[in-house]
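Note sheet for the following structure.
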Amino acid sequence: MQVNLQYQPAMDVEIWKSQLRKGAAELAVLALLDAGARSGIGLLDALSDRPAIGLSDGSIYPLLNRLEREGRIAGRWETPHGGGRGQKIYSLTADGASALRSMRGAWIGFRNELTAIVGERR
Amino acid sequence: MSDATRIEDYLRALARALRSLPERDRDDIVAEIRAHLEHRAGEGRLDAAIKSLGGPDNCARTFIEEIKIQTAFADGGPAKTFGALLALASRRVTAAAGLFVSLVFFLLAAGFAFTALAEIVTPDLAGFWVGPETGSIMIGTIEPPSVPPAPGEPPAPREIMGRWLILFAAGMAVLFFVIGQWLSRFFIRLMMRRKSPSAI
C-alpha cells in the first residue's frame with residue numbers, strides 16, 4: 001500500500017464526500033427499486049451517469065445483501081426467457097416501501113433546510 | 001489467462017474467504033458475484049469490474065462485517081452480539097493504534113519542549129548528558145551530584161551541548177509534533193477509507 005503523509009485538503013473533501021454518501025446510497029437504491037425491480041447490474045447501470053452517488057461494483061452487493069436481510073428488499077433468481085445468464089432481481093417489500101416513504105420525507109426536509117443555509121451557487 | 005479462468009480463480013478465492021458464513025449465504029453471494037463478473041466480461045469490462053470489487057479477501061470482508069452486525073441486531077443472542085462487537089472492535093483497532101502512536105510522538109514533542117524551557121530557566125540542570133565510561137546518553141534534566149565522585153567511583157556524566165540545547169530541543173519538539181500530527185491524519189484517513197456505503 002502506498003502511503004502519502006502529505007496534508008492534502010482535496011483528499012479531506014473526498015473523505016467528507018464518502019461520509020455524505022453513506023446514507024444517500026441506501027435511499028437511492030430503495031427509490032430506484034420503487035420505480036421497478038432491477039438486478040445489481042441494472043442498479044449500477046441506472047447510476048452509471050450519477051457518479052456523485054458513489055455506488056460502485058464493490059459497494060452495491062454488500063448493501064443489497066444487508067437490505068435483503070433487513071427485509072426491505074426481496075431478491076429472486078431469474079433466467080431470461082431465451083436462456084442465458086441468470087440474474088438476481090430485487091424488488092421493494094412493503095417494509096422497504098414504508099422505509100422509503102419515511103426516508104424520502106426526512107431527505108426532502110434535510111435538503112431544503114441545508115440548501116437554505118448553503119445556497120445553490122456552485 | 002481467459003476471462004472464464006480469471007472469474008473462476010476470483011470466485012474460488014472469494015468462497016474461501018467467505019468460509020466463516022453459513023453455506024447458503026456463501027453460495028448466494030458467490031452466485032451473485034459470478035453473475036456480475038460474467039455480465040461484465042460479456043461487455044468486455046472484466047478488468048474494471050474486478051478492480052472495483054477489490055481483492056477477494058477485501059470483497060468478502062465487506063459482506064462478513066455487514067452480515068455479522070445485521071444478524072446481531074436481528075437475533076440478539078449473546079454469541080452473535082459478541083461476534084458483532086468483535087467485528088466492530090477490529091475496525092477500532094486502527095483508531096487505538098493511531099491514538100497510541102500519535103500520543104508517543106506528542107509526548108516526545110512535549111518532553112523536548114520542556115527540556116528547551118528548562119535549559120532557559122535552569123541551565124545547570126538541563127543538558128545533553130554523556131556518561132564518560134558507559135557512553136550512555138540522556139537528554140533532559142538531572143539532579144547533579146552534590147559531592148564529586150570518590151576515587152574508584154564512575155565519573156559523573158558530562159554535559160556536551162551547552163546553550164545549543166535550546167535550539168536542538170526546540171527543533172526536536174517541532175519535528176515530533178509535526179510527525180505526530182501527520183500520523184494522526186494518516187490513521188484517520190485509514191479509518192475513513194472504507195468501500196461500503198452502509199458502514200456503521
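Just so you know, the protein sequences line up as chains L and E, in that order.
All residue numbers in the first sequence are consecutive under my numbering, ending with 122.
All residue numbers in the second sequence are consecutive under my numbering, ending with 200.
All C-beta atoms, glycine included, are put in the ideal place defined by N, C-alpha and C.
How many angstroms separate the CA atom of L:G75 from the CA atom of L:T115?
36 Å
Would you report the Cα separation of L:G149 and E:L14, rounded to the nearest angstrom?
Residue 149 of chain L lies beyond the stretch modelled for chain L, which goes from 1 to 122, so this question has no answer here.
On the DSSP letters alone, give me the boundaries of the beta strand (DSSP E) that E:T134 sits inside.
Counting along the chain, E:T134 falls outside any beta strand (DSSP E), and DSSP gives it neither H nor E.
Quick one: is E:R40 buried, meaning 16 or more other Cβ sit within 10 Å of its Cβ, or exposed?
buried
Which value, in whole angstroms, describes the spacing of the CA atoms of E:T94 and E:L108?
21 Å
Under 7 Å between the Cβ atoms of E:A173 and E:F112?
yes
Three CB pairs or more closer than 8 Å across the region 97-111 of chain L and the region 20-29 of chain E:
no
Sequence-distant residues of its chain with Cβ nearer than 7 Å to E:Y10 (five each side left out):
L37, I50 and P56
Quick one: what's got a C-beta closer than 8 Å to L:S59's C-beta in the same chain, skipping five residues either side?
A25
What's the gap between the Cα of L:E70 and the Cα of L:L33?
15 Å
Mapping DSSP to helix, strand and coil, what is L:E26?
helix
Give the interface partners of L:S48 over in chain E, defined as CB-CB distance under 9 Å, in chain order.
Within chain E, no residue comes near L:S48; the closest Cβ sits about 11 Å away, beyond 9 Å.
Confirm, please, whether the CB-CB distance from E:A126 to E:E119 is below 7 Å.
yes
Any idea which residues DSSP pairs E:T141 with across the strands?
E:A126
Nearest candidate by alpha-carbon position, reference L:A35, set L:T93, L:Q19 and L:I108
L:T93
Let me make sure I understand the geometry here. Which of L:K17, L:A37, L:A97 and L:I73 has the alpha-carbon closest to that of L:P51?
L:K17
Excluding the five sequence neighbours on either side, which residues of its own chain have a C-beta within less than 6 Å of the C-beta of L:A37, listed in chain order?
I89 and S91
Unbroken beta strand (DSSP E) run spanning E:A41, endpoints:
Unbroken run through E:A41 is the alpha helix (DSSP H), E23 to G42; no beta strand (DSSP E).
Inter-residue spacing [alpha-carbon to alpha-carbon] between L:E78 and E:A97
47 Å
In or out: E:W129 buried (at least 16 other Cβ within 10 Å) or exposed?
buried
So E:L183 and E:V101 are in contact, right, with Cβ under 8 Å, and what is the actual spacing, rounded?
5 Å
Beta-carbon neighbours of E:E23, restricted to chain L and to distances below 7 Å:
Residues of chain L passing the Cβ test: none, with the nearest at roughly 16 Å.
How far does the beta strand (DSSP E) with L:E78 in it reach, from first residue to last?
I73 to E78
Where does L:E204 fall in DSSP's three states?
An answer regarding residue 204 of chain L cannot be provided, because it is not within the stretch 1 to 122 covered by chain L.
Measure from the C-beta of L:D45 to each C-beta in chain E and report whether the shortest distance is under 7 Å.
no
Report the option in E:E66, E:L165 and E:T141 whose CA atom is closest to the CA atom of E:L21.
E:E66
Considering only C-alpha positions, which residue in the set E:M138, E:E8, E:T115 and E:V104 is nearest to E:A35?
E:E8
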